[in-house]
Each structure stands twice: as C-alpha cells, then as structure tokens.
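Contents: one structure, followed by commentary.
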Amino acid sequence: MSKKVYVQNKNGKPLMPCKPVKARHLLRDGKAEVVQRTPFTIRLKWDCEENTQKVRVGLDTGSKKAGISAVRKDGEVLYQSEVQLRTDIRSKMDRRRRYRRSRRSRKTRHREPKFDNRRRKEGWLPPSLKSKAESMVKAVKKVSEILPVEGVNVEIAPFDMHKVKDPDIEGDEYQNGELKGHTSVRQYVLYRDKDQCINCKKDDVPLQTHHIQPRSEGGTDKPSNMVSLCVECHEELHSGEIELSKRSLKYWRNKEYRFASHVNSMKDHIVDELRKLFDDVKVTFGNMTKAARKKLGLEKSDVNDSIAVALQDFIDKVSVSKLGYTFIKKCLPKGRYRLHKGERSEVSISADNSDYFGFNRWDKVELPNGTVGFVKGRRKSGYFDISDIHGNSYDHSIKHSKLRLIFKADTIITEVKGNSSLQ
Ligand SMILES: [Zn+2]
Ligand SMILES: [Zn+2]
Numbered sequence: 000m001s002k003k004v005y006v007q008n009k010n011g012k013p014l015m016p017c018k019p020v021k022a023r024h025l026l027r028d029g030k031a032e033v034v035q036r037t038p039f040t041i042r043l044k045w046d047c048e049e050n051t052q053k054v055r056v057g058l059d060t061g062s063k064k065a066g067i068s069a070v071r072k073d074g075e076v077l078y079q080s081e082v083q084l085r086t087d088i089r090s091k092m093d094r095r096r097r098y099r100r101s102r103r104s105r106k107t108r109h110r111e112p113k114f115d116n117r118r119r120k121e122g123w124l125p126p127s128l129k130s131k132a133e134s135m136v137k138a139v140k141k142v143s144e145i146l147p148v149e150g151v152n153v154e155i156a157p158f159d160m161h162k163v164k165d166p167d168i169e170g171d172e173y174q175n176g177e178l179k180g181h182t183s184v185r186q187y188v189l190y191r192d193k194d195q196c197i198n199c200k201k202d203d204v205p206l207q208t209h210h211i212q213p214r215s216e217g218g219t220d221k222p223s224n225m226v227s228l229c230v231e232c233h234e235e236l237h238s239g240e241i242e243l244s245k246r247s248l249k250y251w252r253n254k255e256y257r258f259a260s261h262v263n264s265m266k267d268h269i270v271d272e273l274r275k276l277f278d279d280v281k282v283t284f285g286n287m288t289k290a291a292r293k294k295l296g297l298e299k300s301d302v303n304d305s306i307a308v309a310l311q312d313f314i315d316k317v318s319v320s321k322l323g324y325t326f327i328k329k330c331l332p333k334g335r336y337r338l339h340k341g342e343r344s345e346v347s348i349s350a351d352n353s354d355y356f357g358f359n360r361w362d363k364v365e366l367p368n369g370t371v372g373f374v375k376g377r378r379k380s381g382y383f384d385i386s387d388i389h390g391n392s393y394d395h396s397i398k399h400s401k402l403r404l405i406f407k408a409d410t411i412i413t414e415v416k417g418n419s420s421l422q
C-alpha cells in the first residue's frame, strides 16, 4: 500500500519506482529533477545501475471507462488507473450535421451535395470508437514512459466470438482448469441478453437458454438461435401458454449481429496500435478476466479487472498488493472547434482557445484552502468555476488571482483518488 515515485534514468528511460523518502533525498542533493507531478516522476542526473524487473500492463477496455494497471509478476501493483473516455463525440457530430443541413437549405451560395462521393478507407472506425481506441492506447503508452513495461495484456471483448461460434477450438489459455468451461455458448447468450429473461425481463431468477428453432427441427446451437428465458416463462412457452413475437425474435437476431461486429472493429484497431508499440501483446477476454479476478480475491471494478488481466498467467502463484490510491484520468477534446456562427456558412469565427488571465479550461489549479481542482468554466469578469475531474463544483465563482496554476490542461487530465497529497 506504499506510495510510489516513478523514476527515469538520465536519458528518460523508465526504471523501477522508488519510495518517496529516497526521491526526496535525491531531489534535495540535486541528483534528480522532477519530470511531472501526477504521477510524480523524477529523472536521475547521473548514470546508475539499471536494475529493472519485468512489468506487465493490463488494459481492461470499456465503452465509457477503461482500467489500466501495471504489475510485477509477484502481484505487486505499481500503477493503477481508471480512464474516462470521451462519450460526447457522437452528439457533437450530430449537432454539426444538423447545422450543416440547415445552412444548406437556407438562401446561401450553391453547394454541391456531398453524400455519396466519399470512400471509407480500410480499417475505418466510427469517430466515437476511434477516439476511445486511441485514448486507451495513448494511456498505455504513458505508463510505458514511467515504468519498464515488458508487455501488455488487453481484454478486448466479453467473449471470444470465434470460440463461441466454434467451441472445438480450445487455445492454451483454456487448458487452465480454472478457466475451462467459460467459453460456452450458454454463458454467452445469458451475457448478451443482459442476464435477464427476454419475456418478463426478470433478472433475479434462474435463467435457461431456449432454442428458437428446436434442435429436433434442425435448429443449431449457434447464439443466434438461442435466447434467455426464466424457468417459468420457458415452461409456459413450451406448453403453449405464451408465444414470443416474431418482432422480438428478429430484434434478438439483429442484436446478436450488431454486438459481434461492433466489438471486432475496435478490437482490431487497439491490438494493431499496441503491437506497433510493444513486442509482446496478449489478447484476453472478459469471461477469463472474471474467473482470474475471483481467483485473486478482488471485487469487481475497472481497476481490479485490469489487474486481473495483467496477472492472468500467474493467478496461481501470486497475492495481489494494490496501491492505496488510483489515478483517475479523463480524456478531453483538444480545443473548441466551433468555426461558424451557423447563420451564414461562409462567415467563420475563430474558436476561442486562448487563456483568460493565464488560465484555460481544465487547467489544474490549487484553491486557497489547499483543494486541488480543475478550471471548469471561465468568465471574462475573471471569476471562474472550479470543479473536480468529474465536473462536481468546488467553487462556482472564485477570482482568478486566488488560484495557483499546477498544470496546464492536456488532452488527458489526471486526478488522484485516495491520497490527496499526491495531486
Ligand atoms: Zn420470464
Ligand atoms: Zn426451450
């Protein structure tokens, strides 16, 4: 549970972290300099012995949040973080599209219609997913700048769809007794249906899987032919008391298709990008993470999942010792991109990305009472709104001269949860 100070050698190459006491001595004696405050990192000014151990990063991907941690093989956690991904991209693009459409229908110069003259490049991802994938890769890269990362384990999807569709291919990772059996189609179907009965929507009752087209009539064991039902509804369905509507069955089939394709495009992108940065990248799946996390005795959370992902291959031999604090990271747009007023498309306005009184949005600042927060809103009057990383306000109107700048805003900002002295 001890605090860690991250260390780089003279050339900026990461070494193993040290204790704060040692870092303080090195800094006091002028043998090191501070590289960044959060996470606190120092760079040595002299050539030292490079005594690095193997550190593995675990990445638990998600659609709103990702967990990233770095562990030593004996289970000691050296870094743990939660990354909040951008979820505003889709709505912002929708808004931009609305503006454009309304501009075109107004009395303006002629603009050629643009809708079928664009080709998507191979590997194209929807912008919302692309942003998420890139942020996660970037966050992993940041870890490799402060720790000697040997390899990355990445959890890409809840289930390995190839194995669900063809249960006969069993990879090495499934030979492990503890994880065996987590590939079954039944488990996948329950997961897809959100662990609830698709008829009565109950989720606190035992569930069964039902074949839409019975096996006796040539129905397959593929997930697209199966749905989750509670025992009661299942019995009533077979005795003919209730019927599943064609519409709802069609819905489940489409959902199945969407689920599988969505997961795959993002997965490929993240793995490709990570392989450009690291030689050793291993792909794992959520059902295996869950089993590993339980074996390690950790509760469900993004951070714990990423620890389980990282330690996947050593679960029998280790006991986990976590950090007492977590780095909370949030991904932000680079600037404000409003370029037109929306009245006449030719008239552009410049987005205001300049500082007011030396501050910009999301700059990290210290309030007079010692609280560390972020600049959420700025007013030209010089009175700002200061909040935590999630946007919960600390002070709605504080004068700029009372704030002390700690860190200029970046596309990823960081707060420490669990130990305020590390801000
Ligand atoms: Zn039911
Ligand atoms: Zn049935």
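Here numbering that gives the first Met the number 0 is used: position 12 in the sequence shown is 11, and no number is missing along the way.
Ideal placement from N, C-alpha and C gives every residue a C-beta, glycine not left out.
Just so you know, these numbers come straight off a predicted model, no measurement behind them.
Looking at the secondary structure, which residues open and close the beta strand (DSSP E) in which residue i lies?
| i | result |
| --- | --- |
| glutamate 154 | 148-156 |
| valine 364 | 363-365 |
| tyrosine 5 | 5-7 |
| methionine 225 | 225-229 |
| alanine 31 | 31-35 |
| alanine 69 | 64-71 |
| glycine 285 | Not the beta strand (DSSP E): glycine 285 falls in the alpha helix (DSSP H), residues 285-294. |
| lysine 398 | 392-398 |
| leucine 43 | 40-43 |
| serine 386 | 382-386 |
| histidine 209 | 206-210 |
| serine 80 | 76-83 |
| leucine 54 | According to the sequence provided, residue 54 is valine. The question's leucine does not apply to it. Residues 54-59. |
| valine 374 | 371-376 |
| arginine 403 | 403-406 |
| isoleucine 314 | Where isoleucine 314 is concerned, there is no enclosing beta strand (DSSP E), given that its DSSP letter is neither H nor E. |
| glutamate 437 | Past the edges of the chain, shown from 0 to 422, lies residue 437, and the structure says nothing about it. |
Suppose contacts are defined by Cβ-Cβ distances below 8 Å. Is residue i in contact with residue j by that definition?
| i | j | result |
| --- | --- | --- |
| glutamate 32 | aspartate 301 | no |
| aspartate 192 | valine 226 | yes |
| glycine 406 | proline 38 | Checking the sequence shown, residue 406 turns out to be phenylalanine, not glycine. No, Cβ-Cβ distance for phenylalanine 406 and proline 38 is not below 8 Å. |
| isoleucine 145 | threonine 40 | yes |
| valine 319 | valine 76 | yes |
| phenylalanine 284 | alanine 156 | yes |
| valine 374 | aspartate 362 | yes |
| tyrosine 78 | valine 142 | yes |
| histidine 209 | leucine 189 | no |
| lysine 64 | tryptophan 45 | no |
| leucine 366 | isoleucine 388 | no |
| lysine 18 | serine 1 | yes |
| glutamate 154 | threonine 288 | yes |
| glutamine 52 | arginine 23 | no |
| glutamine 207 | valine 184 | no |
| serine 127 | isoleucine 67 | no |
| glycine 323 | asparagine 391 | no |
| leucine 421 | valine 364 | no |
Counting only C-beta atoms, is residue i closer than 8 Å to chain B at any point?
| i | result |
| --- | --- |
| asparagine 50 | Checking the listed chains, one finds no chain B in this structure; it contains a single protein chain. |
Can you name the start and end residues of the alpha helix (DSSP H) that residue i belongs to?
| i | result |
| --- | --- |
| glutamine 186 | 184-191 |
| serine 244 | Unbroken run through serine 244: none, as it is neither H nor E. |
| tyrosine 324 | That residue, tyrosine 324, is in no alpha helix (DSSP H); it is neither H nor E in DSSP. |
| lysine 137 | 126-145 |
| lysine 91 | 88-104 |
| isoleucine 306 | 301-309 |
| valine 20 | 19-27 |
What is the C-beta distance between residue i and residue j, in whole angstroms, given that I count them as a contact (C-beta under 8 Å)?
| i | j | result |
| --- | --- | --- |
| phenylalanine 358 | histidine 399 | 6 Å |
| isoleucine 197 | lysine 328 | No, isoleucine 197 and lysine 328 are not in contact; Cβ-Cβ is about 37 Å, not under 8 Å. |
| aspartate 73 | valine 308 | About 17 Å separates the two Cβ atoms, so there is no contact after all. |
| lysine 137 | methionine 265 | Contact doesn't hold; Cβ gap of about 15 Å is too wide. |
Using a Cβ-based criterion (distance less than 7 Å to any ligand heavy atom), does residue i qualify as near ligand 2?
| i | result |
| --- | --- |
| histidine 268 | no |
| histidine 237 | yes |
| histidine 389 | no |
| histidine 210 | yes |
| histidine 395 | no |
Compute the minimum distance between the beta carbon of residue i and the heavy atoms of ligand 1, and state whether it is under 7 Å.
| i | result |
| --- | --- |
| leucine 228 | yes |
| asparagine 303 | no |
| asparagine 224 | no |
| glutamate 231 | yes |
| lysine 201 | yes |
| asparagine 198 | yes |
Contact the segment 55-64 vs the segment 291-310: 3+ CB pairs below 8 Å = yes
Okay, do the segment 265-277 and the segment 145-156 touch, 3+ Cβ pairs below 8 Å being the bar?
-> yes
Touching by the beta-carbon criterion (3+ pairs, under 8 Å), the segment 231-251 and the segment 99-111 | Two segments are said to touch when three or more pairs of C-beta atoms, one from each, lie closer than 8 Å; by this definition the segment 231-251 does not touch the segment 99-111.
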